[in-house]
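Student:
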Amino acid sequence: MQIHERLTALLDERGIGYRLLRHAAEGRSEAVAALRGTAVGQGAKALVCRVKLTSTQRAHVLAVFPADKQADLEAIARAVGGKKAALASRDLARELTGCEIGAIPPFVFNEDLSLLVDATLGRRHEEIVFNAGRLDTSIIMRAQDYLALAQPRIAAIARDGDRVESPTDIPSTAH
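Going by full-length UniProt numbering, the first residue of the sequence shown is number 1, and it counts up by one from there.
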């Protein structure tokens, strides 16, 4: 089963409300926010990081943060008890998530990947939006429902970027 199908099945099984948006394929935060008609900061950006724990041990982390911010790799490493963090290669990210970079949802379906979410994600907007395992489909859901379902480790892992938010006007298909 593809990640998109696993994700929507999980939300449906748990009775969590969400809206599915179909749009042109896009993985860049600002461009996809414009296609969605949402604020950039509502986007839940997910990056796969490789964290050095010891000289011989590595951990893989899915770091999720508002799309108008930037990942703080030092903070990601500290949050999981590591010494240094780096972005995973495209191949490793695909292997761990089953998705192309830009399409990775903020959920973990692989036991070799841990979930770490920035502390501001659930506070700034009532709803978050994210690519749902595909570059041409997004999901909008309540931020609190996401946090309750995903049960991530929470830490301050993002810093301010130079992105500007846009107005929210969300066309959708409700579920």
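Even glycine gets a Cβ: it sits at the ideal position worked out from N, Cα and C. In this text the structure is predicted, and so the values were computed from the model without any measurement.
Who pairs with N138 in a beta bridge, going by DSSP?
Tutor: Residue 138 is actually Ser in this sequence, not Asn. In DSSP, S138 forms a bridge with L21, N131.
Student: Residues in its own chain within less than 7 Å of A156 by CB, not counting five upstream and five downstream?
Tutor: Around A156, the same chain offers A75, D118, A119 as residues with beta carbons nearer than 7 Å, after the five sequence neighbours per side are excluded.
Student: When the Cα of V61 is compared with those of V48, A71, D68, T54, which residue comes out closest?
Tutor: V48
Student: Could you pull the start and end residues of the alpha helix (DSSP H) that D145 belongs to?
Tutor: 143-150
Student: Quick one: measure Cβ to Cβ for Q82 and V51, integer angstroms, because I've assumed they're closer than 8 Å.
Tutor: One point to set straight first is that residue 82 is Gly, not Gln, in the sequence displayed. 4 Å between Cβ atoms; contact.
Student: Out of P66, D91, T54, which one is the CA nearest neighbour of K84?
Tutor: T54
Student: Is the distance from the Cβ of L115 to the Cβ of A150 below 8 Å?
Tutor: yes
Student: If we count the other Cβ atoms within 10 Å of its Cβ and call it buried at 16 or more, is G27 buried or exposed?
Tutor: exposed
Student: Going by C-alpha to C-alpha distance, which of D136, E100, L113, L92 sits closest to P152?
Tutor: Comparing Cα-Cα distances from P152 to each of D136, E100, L113, L92, the minimum goes to L113.
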